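Residue numbers in the sequence shown follow my numbering, run continuously in steps of one, and reach 168 at the last position.
Backbone N, C-alpha and C fix where the C-beta goes; we use that ideal spot for every residue, glycine too.
As the structure is a prediction and not an experimental result, all values here were calculated from the model.
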Amino acid sequence: MSRRRSRPRPAAPAPTATDPAAPCPCGLSAPYGECCARYHRGPSPAPTAEALMRSRYSAFAVRDRGYLLRTWHPDTRPTRLDLDPHVRWRRLEILSTTGGSPFHTEGTVAFRAHYTERGRPGAPEVLEEHSRFARHEGAWVYLDALGASDTGGDASDAGRRERPARR
2 MSRRRSRPRP AAPAPTATDP AAPCPCGLSA PYGECCARYH RGPSPAPTAE ALMRSRYSAF
62 AVRDRGYLLR TWHPDTRPTR LDLDPHVRWR RLEILSTTGG SPFHTEGTVA FRAHYTERGR
122 PGAPEVLEEH SRFARHEGAW VYLDALGASD TGGDASDAGR RERPARR
């Protein structure tokens, strides 16, 4: 009988947010592949302003820069989008919506986005924003923010942080 010990098997890697079977970052019960991924990779646009908000939040979580730029109104879209690799988006809360249905041309979504930042210990920080959305060429797009507050950190660095709907 051998006295050699077997090596422990490596743990299976945790599913990534881009794994179609992983929970969707937007917080709905469907897996990512059946929820926001269909908007990220498919030709079908989000049917409502809230669905677009959720899909954009998920795009920040999975770092899908292209989707974020495609779903930004051309009048307010930045020429470049830098996603902070230290930010991890943890949870989205939709607080309220106005308009934004398949029958509207404008809508708003108020939300809280919870996140952590590597190198900054402590409880998750919260970004609260009231975003405006509009139809452009038949599809919902992010227009701008009516107001934003960042309850984590100090005001001096809040403007440098990545925003789920702004940058």
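Asked                                                                                                          : Found
Continuous beta strand (DSSP E) assignments of at least 3 residues falling wholly in the stretch 66 to 127     : 88 to 100 and 107 to 118
Residue from G34, V88, P125 and T77 whose Cα sits closest to the Cα of R64                                     : V88
Every unbroken beta strand (DSSP E) within the stretch 30 to 56, with a cutoff of 3 residues, ordered by chain : none
Inter-stretch contact at 8 Å, needing at least 3 Cβ pairs: the stretch 115 to 131 / the stretch 99 to 106      : no
Those residues which DSSP pairs with R133 across a bridge                                                      : T109 and D145
Option in H115, A50 and G43 with minimal Cα separation from H142                                               : Here residue 142 is Val; the residue named in the question, His, does not match the sequence. With distances taken between Cα atoms, V142 lies closest to A50.
Reduced DSSP secondary structure (H/G/I, E/B, other) of A140                                                   : strand
Proximity winner among R113, P24, H115 and H41, relative to A60 (alpha-carbon distances)                       : H41
Sequence-distant residues of its chain with Cβ nearer than 7 Å to L96 (five each side left out)                : A111, F112 and R113
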